[in-house]
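Participant: Have a look at this one.
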Amino acid sequence: NVVDKGNHRHFMLKEIYEQPDALSHTVSHYVDLAKGKVKLPADLPFDFAKLNRLTISACGTAYYAGLVAKYWFEKYARLPVEVDVASEFRYREPPMDKDGLALFISQSGETADTLAALRYCKAQGQHIASIVNAQESTIARESDIVFPILCGPEISVASTKATTAQMSVLASLAIAAGRQRGTISEAEEFELVDMLAKLPGAITKALASEKKIDQISHELSKASDVLYLGRGSLFPIALEGALKLKEITYIHAEGYASGELKHGPIALIDETLPVVVVAPSDPLFDKTISNMHEVAARGGKIILITDEAGAKSAGDDVHEIIIVPNAHAFVMPIICAIPVQLLAYYTAVFMGTDVDQPRNLAKSVTVE
Ligand code: AGP
Numbered sequence: 241n242v243v244d245k246g247n248h249r250h251f252m253l254k255e256i257y258e259q260p261d262a263l264s265h266t267v268s269h270y271v272d273l274a275k276g277k278v279k280l281p282a283d284l285p286f287d288f289a290k291l292n293r294l295t296i297s298a299c300g301t302a303y304y305a306g307l308v309a310k311y312w313f314e315k316y317a318r319l320p321v322e323v324d325v326a327s328e329f330r331y332r333e334p335p336m337d338k339d340g341l342a343l344f345i346s347q348s349g350e351t352a353d354t355l356a357a358l359r360y361c362k363a364q365g366q367h368i369a370s371i372v373n374a375q376e377s378t379i380a381r382e383s384d385i386v387f388p389i390l391c392g393p394e395i396s397v398a399s400t401k402a403t404t405a406q407m408s409v410l411a412s413l414a415i416a417a418g419r420q421r422g423t424i425s426e427a428e429e430f431e432l433v434d435m436l437a438k439l440p441g442a443i444t445k446a447l448a449s450e451k452k453i454d455q456i457s458h459e460l461s462k463a464s465d466v467l468y469l470g471r472g473s474l475f476p477i478a479l480e481g482a483l484k485l486k487e488i489t490y491i492h493a494e495g496y497a498s499g500e501l502k503h504g505p506i507a508l509i510d511e512t513l514p515v516v517v518v519a520p521s522d523p524l525f526d527k528t529i530s531n532m533h534e535v536a537a538r539g540g541k542i543i544l545i546t547d548e549a550g551a552k553s554a555g556d557d558v559h560e561i562i563i564v565p566n567a568h569a570f571v572m573p574i575i576c577a578i579p580v581q582l583l584a585y586y587t588a589v590f591m592g593t594d595v596d597q598p599r600n601l602a603k604s605v606t607v608e
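Dropping the structure here:
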């Protein structure tokens, strides 16, 4: 089957728009909506209840999906998680307890560093699980168990639907881990599964900000640097936003944990620096507001990605607001991935770069 762009100008936009359907497909594979439970394969070769640690390795965007998952597994399953980029992990010679679980995330299933990390973990006696899109791939073949991403072929070099689908698989696994470890109740599982079931609708709503984002992107395209900030499970989405922008617009961008602002990046702030703050309203939102004061006081232009409640309490410091639908904090990283994708996409289109085939990049990095 030859994949074409349909009515879309680029594969990237087509894939961004495929996310409600792709996620609905992925989620329905992993959760039983009628029962409000996660479905786990009967032949699961490990038991989350017996694990002391989960080790996740991946590269690029897949690594950021792993970073989000760390927040989920630690919060809902009380399972310590180590996440590292595969290129570092593979040479660190990390000690590993026997019978641990090592999880690899890869769209292509062929990323050289991720595969090398997998082989290291296998030699260390770990159970090997992978989350891959290409089910015929080497990483899939060498795994004890494969959790398919099921988002369909992704052609654009900048990953979009594979990332959000990876996060949906990881969210399902975190719930399953919580159940096996007895750290979430049936009612909590039901509630979290319901959040996953509602994701496709929430993503459709998030996509409705497209026009506003297109306008904002005209201004963003004039910047030579952009700072992305996020806290908690939204911190990896700040990293993801910066990566997407770099990849397809060649504008220098950095993602930081909001709380790190005073520890360095605040020195960069002046009126030429747009600061994208990914911050839906949550119990720590006040801290984000104080970060935004610090940015605004130095002339930094804030583009805030938040929900309606966040928009109401954000105050006058904000230059532009992109609204995402209200949702449980659990699924916010997946929802907030949409505006950061669109922001990078429209900025690239406005600048006229090659969106689907950005310079120097390959879809699958099969050599070191
Ligand atoms: C994402 O936009 C990138 N092109 C890149 O970071 C990618 O996620 C990374 O190379 C990992 O690829 P994989 O998922 O195929 O292993």
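The sequence shown begins at 241 in the UniProt record's numbering and counts up one residue at a time. Built from N, CA and C at the ideal position, the CB exists for glycine as well.
Could you give the distance in angstroms between the alpha-carbon of Glu431 and the alpha-carbon of Gly276?
Facilitator: The alpha-carbon atoms of Glu431 and Gly276 are separated by roughly 8 Å.
Participant: Using CA atoms only, rank isn't needed, just tell me which of Met572, Ala519, Ile575 is closest to Val558.
Facilitator: Comparing Cα positions, the closest option is Ala519.
Participant: Are there three or more Cβ pairs, one per stretch, closer than 8 Å when the stretch 553–572 is compared with the stretch 433–447?
Facilitator: Verdict: yes, contact present.
Participant: Rounded to whole angstroms, what's the CA-CA distance from Thr301 to Leu483? Just pull it up for me.
Facilitator: Distance between the alpha carbons of Thr301 and Leu483 is about 8 Å.
Participant: Could you tell me whether any non-hydrogen atom of the ligand AGP is closer than 7 Å to the CB of Gln354?
Facilitator: The residue you asked about is not Gln; residue 354 is Thr in the sequence shown. Yes.
Participant: Within the present structure, is the beta-carbon of Leu583 separated from the nearest heavy atom of the ligand AGP by less than 7 Å?
Facilitator: Every heavy atom of the ligand AGP is 7 Å or more from the Cβ of Leu583, so no.
Participant: When you measure from the CB of Thr546 to every non-hydrogen atom of the ligand AGP, does any distance come out below 7 Å?
Facilitator: No.
Participant: I believe Phe329 touches Ser370 by the beta-carbon criterion, under 8 Å. Please report the beta-carbon distance rounded to the nearest angstrom.
Facilitator: Contact doesn't hold; Cβ gap of about 14 Å is too wide.
Participant: If Gly392 and Ala602 are in contact, beta carbons under 8 Å, what's the gap, nearest whole angstrom?
Facilitator: Not really, about 20 Å apart at Cβ, beyond 8 Å.
Participant: If you draw a straight line from the alpha carbon of Arg381 to that of Gly504, how long is it in whole angstroms?
Facilitator: For Arg381 and Gly504, the distance between alpha carbons rounds to 44 Å.
Participant: Spell out a yes or no on whether the stretch 268–282 and the stretch 315–335 are touching, meaning 3 or more CB-CB pairs, one atom from each, closer than 8 Å.
Facilitator: Because the criterion of three Cβ pairs below 8 Å is not met, the stretch 268–282 and the stretch 315–335 do not touch.
Participant: Report all residues from its chain with a CB closer than 7 Å to the CB of Val325; omit the five preceding and five following residues, and keep chain order.
Facilitator: If we look at Val325 and ignore the five residues flanking it on each side, its Cβ neighbours are Cys299, Tyr303.
Participant: So Gln581 and Thr400 are supposed to be a Cβ contact under 8 Å. How far apart are they, rounded?
Facilitator: Contact flag correct, Cβ pair sits at about 5 Å.
Participant: If you draw a straight line from the alpha carbon of Val243 to that of Asp596, how long is it in whole angstroms?
Facilitator: Each residue's alpha carbon lies about 14 Å from the other.
Participant: Using the three-state DSSP reduction, which class does Val535 fall into: helix, strand or coil?
Facilitator: Looking at Val535 - three-state DSSP - the assignment turns out to be helix.
Participant: When DSSP labels each residue in this structure, what does Tyr303 get in the three-state scheme?
Facilitator: Looking at Tyr303 - three-state DSSP - the assignment turns out to be helix.
Participant: Look at Leu508 and Leu469 and say whether their C-beta atoms are less than 8 Å apart.
Facilitator: Result no, Cβ atoms of Leu508 and Leu469 do not sit closer than 8 Å.
Participant: Is the beta carbon of Ser377 less than 8 Å from the beta carbon of Ser348?
Facilitator: Going by C-beta atoms, Ser377 is nearer than 8 Å to Ser348.
Participant: Hey, Thr528 and Thr593 are a contact pair by Cβ (cut 8 Å); roughly how many whole angstroms apart?
Facilitator: Incorrect: roughly 31 Å between the Cβ atoms, too far for contact.
Participant: If you draw a straight line from the alpha carbon of Ala584 to that of Leu485, how long is it in whole angstroms?
Facilitator: Taking the straight line joining both Cα atoms gives about 5 Å.
Participant: Please indicate yes or no: does the CB of Glu314 lie closer than 7 Å to some heavy atom of the ligand AGP?
Facilitator: Glu314: no, Cβ never under 7 Å from the ligand AGP.
Participant: Could you tell me if Thr587 is buried or exposed, where buried requires 16 or more neighbouring beta carbons within 10 angstroms of its beta carbon?
Facilitator: So Thr587 ends up on the buried side.
Participant: Quick one, which of Ala478, Val515, Gln420, Ala427 has its alpha-carbon nearest Ala463's?
Facilitator: Answer by Cα proximity: Val515.
Participant: Per DSSP, Thr295 forms a beta bridge with which residues?
Facilitator: Paired residue(s): Glu322, Ala342.
Participant: In this structure, what does DSSP give as the bridge partners for His250?
Facilitator: Answer is none; His250 lacks a bridge partner.
Participant: Is Val605 near the ligand GDP, with its Cβ less than 7 Å from a heavy atom?
Facilitator: Absence of the ligand GDP from the depicted structure is noted, with the ligand AGP being the only ligands included.
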